[in-house]
Amino acid sequence: QTLKCVLIHEFNADVYDKSYFRHPTRYHDIVIFSDAAHMLKLIRTTWITKGVLYDSDKNSIKWKFIENLVRLQEHDYYLANKVNSRHKNPVTRK
């Protein structure tokens with residue numbers, strides 16, 4: 413279960429439109445902070461798994477674009493970004 417699911421179910425917390433909820437007995441706000449690096453990894457994993465994500469205008473953002481960029485940079489051009497085969501085929505590193 414995700415933290416959001418637990419908060420909604422256990423505390424009846426509305427965390428969809430805001431990043432905080434009211435403590436059920438102490439009546440002060442509890443603020444939720446997301447770890448940026450972890451959130452980026454979750455997005456990348458979801459993107460790889462689904463193959464395509466959509467922006468707010470319903471435009472597709474395909475993982476294939478990243479694969480093509482890596483392939484292009486490995487063989488012909490380097491576009492001065494930090495995307496490489498490590499990003500195309502991520503492995504858990506500890």
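Quick note, the sequence shown lines up with residues 413 to 506 if you use this note's numbering.
Here a beta-carbon is modelled for each residue, glycine too, at the ideal position from N, C-alpha and C.
Quick caveat: nothing in here was measured; it's all calculated off a predicted structure.
So, at 7 Å on beta carbons, what are the nonlocal neighbours of residue i in its own chain, with the 5 sequence-adjacent residues on each side left out?
i      : result
Ile442 : Tyr432, Phe433 and His435
Comparing alpha-carbon positions, which option in the options lies nearest residue i?
i      : options                           : result
Gln485 : Lys476, Ser497, Trp475 and Lys474 : Ser497
Trp475 : Val464, Ser468, Leu481 and Val482 : Val464
Going by the DSSP bridge assignment, what does residue i pair with across the sheet?
i      : result
Tyr466 : Ser472
Asp441 : Arg434
What residues in its chain sit with their C-beta under 8 Å from that of residue i, if we drop five residues either side in the sequence?
i      : result
Asp467 : Ile473
Indicate, with yes or no, if the ligand GTP has a heavy atom lying under 6 Å from the CB of residue i.
i      : result
Met451 : By its list of ligands, the structure shown contains no ligand whatsoever, and the ligand GTP lies outside what it can speak to.
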